[in-house]
Amino acid sequence: MSPRDEYVLDPAHWPDMPSAHRAFLEAAIARLRADERLVGLAAGGSFISRTLDEHSDLDLVVVSRPEVSGEVLRDGPDIARRLGPLLATFPGDHVGEPRLFISLYGPTLLHVDFKFVSTEELAHRVEDPVILWDREGVVRSAISGTKAVYPPPRLQWIEDRFWVWVHYVAVKIARGELFEAIDALEFVRARVLGPLILSEAGGQPNGVRRVEQTAPGRVAALRSTLASHDRPSCWRALIATLTLYSELRERLAPPTLQRRAETEHAVRDFLEVARPSASPRRPV
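Read in order, the letters of the sequence shown are residues 772 to 1055 in this note's numbering.
Right, dumping it as structure tokens:
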């Protein structure tokens, strides 16, 4: 390989960012280039949107050749350790992504997510990262030859489950298992309402990420799905959740959507009889 084939993005073309982020990236590029198993480094997330601030993580994609990708992944913690004063790192198996290493550097705290992929795996991605370093053009080829696709909300999958979830929350409220009810409402907000709202607004349907900026007109309705630890609050949040879902479903449903009308009617009837009585008035 000729050095002329190597590409490094001029830091002058990087987005504005805190000095700690910039210093880390500059050092990381230099150290990763020294590892012959690696062929590139790219940045995603806030780097793409050029919205890095002091609270931003760095989302880095470390690219290797296919024949050594397994070895590189096993060495992920050691690679992370070489790039700075590492406080902690662990794999993202809790989010279903074992190729991800979530890392914290210090003493100036900096959160860095490393995703270790091969050039072949880079073809299957949810966004087009900014290439920071490309040893021989293979990273650019992999990205330019394929299209990033962020999975859209699966409305049929949601509709098949939603009313069962509503019944589950209602039962937990009735039994006084309010922490469980609050946790279930949070799950529905992150897996259903947030992605549908973001999709409606043309944003990336990733949970409730940046929903305040992307869909400000839906913030009040989404806020009404938040519950505190008492029955009336949990109940109001549940009703707000199903009301918002019903509205989003009508706006976003494709003609092929099979509504679970029988389940919905049965659950709505149950809610009418399960509604908690008003809390007793406290003496003034």
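Backbone N, C-alpha and C fix where the C-beta goes; we use that ideal spot for every residue, glycine too.
Since we're looking at a predicted model, the values are computed, not measured.
Excluding five sequence neighbours on each side, which residues of the same chain lie with their C-beta closer than 6 Å to the C-beta of A952?
-> Once the five neighbours on either side are set aside, the close Cβ partners of A952 are V940, K943, I944, C1005.
State whether the segment 1010-1018 contacts the segment 949-969, with contact taken as three or more CB pairs (one from each stretch) at a distance under 8 Å.
-> By the C-beta criterion, the segment 1010-1018 is judged to be in contact with the segment 949-969, since at least 3 inter-stretch pairs fall below 8 Å.
Which first and last residues belong to the alpha helix (DSSP H) in which T1012 is found?
-> Looking at the DSSP string, the run of the alpha helix (DSSP H) that includes T1012 is 1002-1023.
Is it true that the CB of P1047 sits closer than 8 Å to the CB of P976?
-> Contact flag unset, no.
CA-to-CA distance, R1020 to R1053, given in whole angstroms | Because R1053 carries a pLDDT of 41, less than 50, the predicted location of this residue cannot be relied on, and no value is offered for it.
V901 vs V834 beta-carbon contact at 8 Å = In terms of Cβ geometry, V901 and V834 do not form a close pair [threshold 8 Å].
For the beta strand (DSSP E) that E868 lies in, which residues bound it at each end?
-> Taken as a continuous stretch (DSSP letters only), the beta strand (DSSP E) holding E868 covers 868-876.
With DSSP run on the structure shown, which of helix, strand or coil describes L881?
-> Look at L881 here: in three-state DSSP terms it is strand.
Environment of G973 [buried if 16+ CB atoms lie within 10 Å] = Burial call: exposed.
Return helix, strand or coil for G815, following the three-state DSSP convention.
-> If DSSP states are grouped into helix, strand and coil, G815 belongs with the strands.
8 Å CB neighbourhood of E971 in its chain, flanking five on each side removed | Leaving aside the five residues that flank E971 on each side, the residues in its chain whose CB is nearer than 8 Å to its CB run, in chain order, A986, R989, L1019, R1022, L1023.
In the structure shown, what three-state DSSP assignment does P922 receive?
-> In the structure shown, P922 sits in coil (DSSP, three-state: anything other than H, G, I, E or B).
What residue from F1041, R1007, F885 has the CA that sits closest to G811's CA?
-> G811 has its Cα closest to that of F885, out of F1041, R1007, F885.
Hey, quick one: how far does the beta strand (DSSP E) through D905 stretch, first residue to last?
-> Note, D905: beta strand (DSSP E), 901-905.
Helix, strand or coil at D864 according to DSSP, with G and I counted as helix | Residue state, collapsed to three classes: helix.
Can you list, in chain order, the residues of its chain whose CB lies under 7 Å from that of F933, leaving out five sequence neighbours each side?
-> The residues are V963, Y1016.
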